[in-house]
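When we follow this note's numbering, the leftmost residue of the sequence shown carries the number 53, and every step to the right adds one.
See structure below.
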Amino acid sequence: MKTGIISLLLIFVVATTSFGQTEDTMKTFDPAFAHTVYFWFKNPDNKADRAKFESSLKTFLKNSKYAKTNFIGTPPKAIRDVVDGSFTYSLIVTFESPEAQEGYQNEEAHLIFIEECKDLWEKVIVYDSNGI
């Protein structure tokens, strides 16, 4: 009986440490300032364009000195009339302050991303929000 309990406990520990979040991988959403960007591509079904965008965006976010957390998304199949699924990608980035977001706008990593990908999109809309 003891062996069964120990085995079960060992399986639980391995599963939670292998598949759960750790301090190294967990990021906390910073509610001070959110920067939400929607991108509409000229050729939204072009796999090469999508791969280039995703690679460049991930490199940029990895190298950003200002972005605290980020989320890259694509639109799900909308099931409600109020959901706008017309965009190709969305990006949500959080910052510790509006000043940090301003620094992000002018940092080299951000400018390289724009230069690499600006020909891919036909429209970009940005929504910035201060936390309350």
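Idealized CB from N, CA, C, for every residue including glycine.
Fair warning: this is a prediction, and the values are worked out from it, not measured in the lab.
query                                                                                                                          : result
So what's valine 125 in DSSP terms, helix, strand or just coil?                                                                : A small fix is needed here, since residue 125 is glycine in this sequence, not valine. Residue state, collapsed to three classes: strand.
Assuming contact is defined by CB atoms lying nearer than 8 Å, are serine 116 and histidine 162 in contact in what I supplied? : yes
With DSSP run on the structure shown, which of helix, strand or coil describes threonine 88?                                   : strand
Could you pull the DSSP bridge partners for lysine 175 from this structure?                                                    : Trp92
Quick one: grab the DSSP three-state call for phenylalanine 211.                                                               : It is not possible to answer for residue 211, since the shown part of the chain is limited to 53 through 184.
Would you mind working out which of Pro83, Asn182, Val145 and Val176 sits nearest lysine 94, comparing C-alpha positions?      : Val176
Looking at C-alpha atoms only, which residue of Asp101, Glu168 and Gln157 is the closest neighbour of tyrosine 141?            : Asp101
Aspartate 180: which of Cys169, Glu167, Val145 and Asn122 sits nearest, CA to CA?                                              : Val145
So what does serine 142 bridge to, in DSSP terms?                                                                              : Tyr90 and Gly125
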